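A.B. asks: I am attaching a structure below and will ask some questions about it afterwards.
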Amino acid sequence: MKIGEECYHCLKRLIDQAVNLATPDRAKRSLAKTSALNILNQEFSDSAIPAQIATKFHGVIIDITRNADPYLEMKRGAMNMAKRIFKEVAPIYGKDFKSLLKLSVLGNAIDFFRKSEEVEADIKGEVNFAVDHEEKLEKLLEKNEGTILFLADNAGEQYFDLPLIRHLEKQNFEVIYVVKKDPVQNDLTMEDLRLSGTLGQFKRVSTTGTATVGLDLTMVSESFMKTFDTAKLIVAKGMGYYETLSHLPERGNILHLLMAKCRPVAESIGVPVNSYIAWLR
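Taking this note's numbering, I'd label the letters of the sequence shown as residues 17 to 297.
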């Protein structure tokens, strides 16, 4: 994905948000913000990946403020909202593969820059994929065997992902639900699954071995990399994974399942902003 000028302003806004969530201490806020902005200014370039810049300055903010999970309360609120809305909308969707794909992508409407009422309206709205590779996906999965690596995104999405995962497991696939090793932004962690009470509902849960926005394959654990290389299918939820994986050569088994919430991401895919995407590449 080509970085856009507005990515700079979005990252700057993200710094403000993360610093304010991390600590009420004005001195720490000032130091954390200055340090994070230095990273942004040093790293921002035409060849940069926004998610990787965010990973770097989030680490600095956490170190300076000594708050290991600045987004904890925001994640708790998102999980409570998602659980409530999921119970409302899930009965509307069928049990077939296409319907469960739509249900899963609905959860990706959750975003820390959007008002909760906007998110709720989107989740309760109709899903039409602007890029729809469901038929290609079903062809890939014709042989009901192999491992599926399901890369989770935001806290709250687990409720929307679980029905699709259970469907795939019934087709004899081994599905590994992958969360972040440690907190970063509002991404899902093992602790978030425990807090939400959903951890025991997944047959297999693992981590990337990192706390990065999206996925930096130079930093992941050896066991994760082995599974990544051999998986039948990799379901990559959200824009962070799109930003960090879309530059890889096309391999035919990475499903980008997301809502394209910003112009640079939407333009790189060739769709309007806030379009739903199921792109197998």
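Glycine is no exception: its CB is placed at the ideal position from the N, C-alpha and C atoms.
Bear in mind the structure is a predicted one, so any value in this text is a computation, not a measurement.
1. Identify which residue in Lys-18, Lys-91 and Asn-57 has its Cα closest to the Cα of Ala-34.
2. Here's a check: name, in chain order, each residue in its chain whose Cβ is nearer than 8 angstroms to the Cβ of Gln-187, leaving out the five neighbours to either side.
3. Can the beta-carbon of Leu-153 be found less than 8 angstroms from the beta-carbon of Ile-250?
4. Compute the Euclidean distance between the alpha carbons of Val-287 and Ala-43, then round it to the nearest angstrom.
5. Where do the N-terminal and C-terminal ends of the alpha helix (DSSP H) with Thr-81 fall, by residue?
6. Can you tell me whether DSSP reads Gly-291 as helix, strand or coil?
7. By how many angstroms is the C-alpha of Pro-86 removed from the C-alpha of Thr-39?
8. Can you look up His-272 in the DSSP assignment and give me helix, strand or coil?
9. Comparing alpha-carbon positions, which option in Ile-192, Ala-67, Leu-273 and Arg-297 lies nearest Leu-116?
10. Rounding to the nearest angstrom, what Cα-Cα distance links Ile-19 and Ala-67 in this structure?
11. In chain order, which alpha helix (DSSP H) runs of at least 4 residues are fully inside the segment 166–211?
12. Going by beta-carbon coordinates alone, are Met-17 and Tyr-292 separated by less than 8 angstroms?
13. Kindly confirm or deny that the segment 236–244 and the segment 261–276 touch, where touching means at least three C-beta pairs closer than 8 angstroms.
14. So Asp-245 is in the alpha helix (DSSP H); what residue range does that whole segment cover?
15. On the premise that Phe-176 lies in contact with Leu-119, defined as a C-beta separation below 8 angstroms, what is that separation, rounded to the nearest angstrom?
16. Using DSSP bridges, identify the partner residues of Ser-222.
17. Considering Cα atoms alone, identify which of Asn-290, Thr-246 and Ala-171 is closest to Glu-89.
18. Note down the Cα distance separating Val-105 from Ala-125, rounded to an integer number of angstroms.
19. Identify whether Val-143 lies in helix, strand or coil by the three-state DSSP scheme.
20. Could you pull the start and end residues of the alpha helix (DSSP H) that Leu-231 belongs to?
21. Going by DSSP, what residue range makes up the beta strand (DSSP E) through Ile-250?
22. If you count every other CB in all the chains shown that lies within 10 Å of the CB of Ala-227, and 16 or more means buried, which is it?
23. Could you check if Glu-133 is buried or exposed, using at least 16 other CB atoms within 10 Å of its CB as the buried criterion?
24. Tell me whether Glu-21 is buried or exposed, calling it buried when 16 or more other Cβ atoms sit within 10 Å of its Cβ.
25. Checking the sheet assignment: what are the DSSP bridge partners for Leu-296?
26. Give the range of the alpha helix (DSSP H) segment to which Glu-154 is assigned.
27. Can you list, in chain order, the stretches of the alpha helix (DSSP H) that have 4 or more residues and sit fully within the segment 77–127?
28. Classify Ile-19 as helix, strand or coil using the three-state DSSP reduction.
C.D. replies: In short:
1. Lys-91
2. Leu-157 and Asn-160
3. no
4. 43 angstroms
5. 66–81
6. This sequence places Ser at residue 291; Gly is not what is there. Here Ser-291 sits in strand by DSSP.
7. 8 angstroms
8. strand
9. Leu-273
10. 10 angstroms
11. 174–186
12. no
13. no
14. 238–246
15. 6 angstroms
16. Val-194
17. Ala-171
18. 14 angstroms
19. coil
20. Note, Leu-231: premise wrong, no alpha helix (DSSP H); not H, not E.
21. 249–253
22. buried
23. exposed
24. exposed
25. Leu-271
26. 150–156
27. 88–105 and 113–122
28. coil
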